[in-house]
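One structure is given below, encoded as structure tokens.
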Amino acid sequence: RPNIILVLSDDVGLSRISCYGGAPFKTPCLDQLAATGLRFERCYSMPICGPSRAALLTGKYPFRTGAVDNGSSIIDPEKHPTVAMLLKDAGYATCAIGKLGQSAAEGDPAAPQRLGFGESMLWMGRATPDRYWHPRYYRNGPVLQGRPDEYGPDLTHEFLGDFMQRHRDQPFFVYYSAVLAHWPLVRTPDSRDESQLVQDMVAYLDKQ
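Under the numbering used here, the first residue of the sequence shown is numbered 35, with each subsequent residue one higher.
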């Protein structure tokens with residue numbers, strides 16, 4: 035049974051991936067994945083965040099789940115089981131990393147478990163800047179308030195590495211819903227100035 039890591043980036047479309055012609059963005063790691071895997075040239079998605087996430091997790095069109103816009107995209111797992119629930123029942127260790135706030139209520143730390151995730155490190159907010167510096171995340175339920183000098187994507191990435199290491203002897207499923215590179219545009223640990231923050235954020239996502 036293969037390990038599965040589903041990587042979803044926030045506001046990073048084809049125009050920001052270099053193997054799709056997205057200059058001036060440089061994404062060598064994603065390009066390498068594309069070169070050694072399968073790269074789609076025709077595909078379809080919802081134009082906004084919440085319905086896209088609900089469709090990925092449930093395998094259902096938005097009109098079937100009711101997740102037709104960002105304001106009504108919370109998943110009811112009793113009516114619409116998620117892929118994490120099915121894999122957990124099949125013996126997989128399951129983990130959600132990054133952003134889940136469109137698919138679950140913002141202040142509900144128990145939501146990841148109901149959606150099938152045994153472990154989680156999640157930014158559950160909406161329209162707040164604390165996904166990046168001085169981050170505020172739910173770590174397996176309780177709130178983790180990072181320091182002003184801590185970068186949220188680094189904390190979630192460390193949690194991901196620890197999860198994979200601990201579960202290396204059994205199949206695992208990771209829903210890696212990265213918070214990069216959504217607004218607000220802020221510097222990354224690798225940024226040198228404020229002149230190209232979007233490129234910096236996409237490059238940091240690619241590096242991770």
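Just so it is clear, CB atoms sit at the ideal spot from N, CA and C, and this is done for glycine as well.
Just so it is clear, the structure is predicted and the values come from calculations on it, not from any experiment.
Cut-off 8 Å between Cβ atoms - residues of its own chain near residue i, not counting five sequence neighbours on either side
i, result
"P223", "Y185, D188 and Y238"
"L91", "I109, T116, V117, A118, S137, L149 and Y209"
"S225", "L231 and D234"
Proximity to residue i [Cα-Cα], best of the options
i, options, result
"L156", "V177, T162 and G150", "V177"
"D142", "G175, A212, P218 and P205", "G175"
"H114", "P96, G105 and D103", "P96"
"N37", "E192, I131 and R202", "R202"
"R181", "P62, P111 and P169", "P169"
"V213", "I131, F207, D227 and R221", "I131"
"M158", "Q242, A89, Q179 and Y172", "Y172"
"H191", "K133, T61, M80 and E228", "K133"
"P111", "G47, Q179 and Q147", "Q147"
"G105", "D227, R160 and D45", "R160"
"I82", "D227, F74, F193 and D44", "D44"
"D196", "A215, E228, Q66 and S154", "S154"
"K122", "G100, F207 and H216", "F207"
"F193", "A215, S229, R73 and Q242", "Q242"
Unbroken alpha helix (DSSP H) run spanning residue i, endpoints
i, result
"S107", "Element bounds for S107: n/a, residue is neither H nor E."
"Y238", "L231 to K241"
"R221", "Run containing R221: none; DSSP gives neither H nor E here."
"R202", "Careful: R202 lies outside any alpha helix (DSSP H) and carries neither H nor E."
"T70", "P62 to T70"
"A118", "V117 to D123"
Terminal residues of the beta strand (DSSP E) in which residue i lies
i, result
"E153", "E153 to W157"
"Y95", "That residue, Y95, is in no beta strand (DSSP E); it is neither H nor E in DSSP."
"V274", "Any answer about residue 274 is impossible in this case: the structure gives the chain only from 35 up to 242."
"Q179", "V177 to Q179"
"A127", "A127 to K133"
"V208", "F206 to S211"
"R148", "Not the beta strand (DSSP E): R148 falls in the alpha helix (DSSP H), residues A145 to R148."
"Y243", "Outside the displayed range of the chain (35 to 242) lies residue 243, so it cannot be described from this structure."
For residue j and residue i, believed in contact at Cβ under 8 Å, the rounded distance
i, j, result
"T128", "G152", "5 Å"
"G150", "M119", "3 Å"
"Y166", "V102", "At roughly 29 Å, the Cβ-Cβ gap does not stay under 8 Å, so Y166 and V102 are not in contact."
"T61", "D240", "4 Å"
Contacts around residue i, its chain only, beta-carbon distance under 7 Å, and the 5 residues preceding and following it disregarded
i, result
"A139", "I108 and A145"
"R35", "P205"
"G100", "S106"
Residues near residue i in its chain [Cβ-Cβ closer than 6 Å; skip 5 each side]
i, result
"R50", "G56, F59 and V236"
"A124", "none"
"P163", "P218"
"A68", "C53"
"V41", "Y210"
"R87", "Q136 and S137"
Any chain B beta carbon closer than 8 Å to residue i
i, result
"D203", "No chain B is present in this structure, which holds just one protein chain."
Distance cut-off 7 Å: residue i Cβ against heavy atoms of the ligand MN
i, result
"A138", "This structure does not include the ligand MN; it has no bound ligands of any sort."
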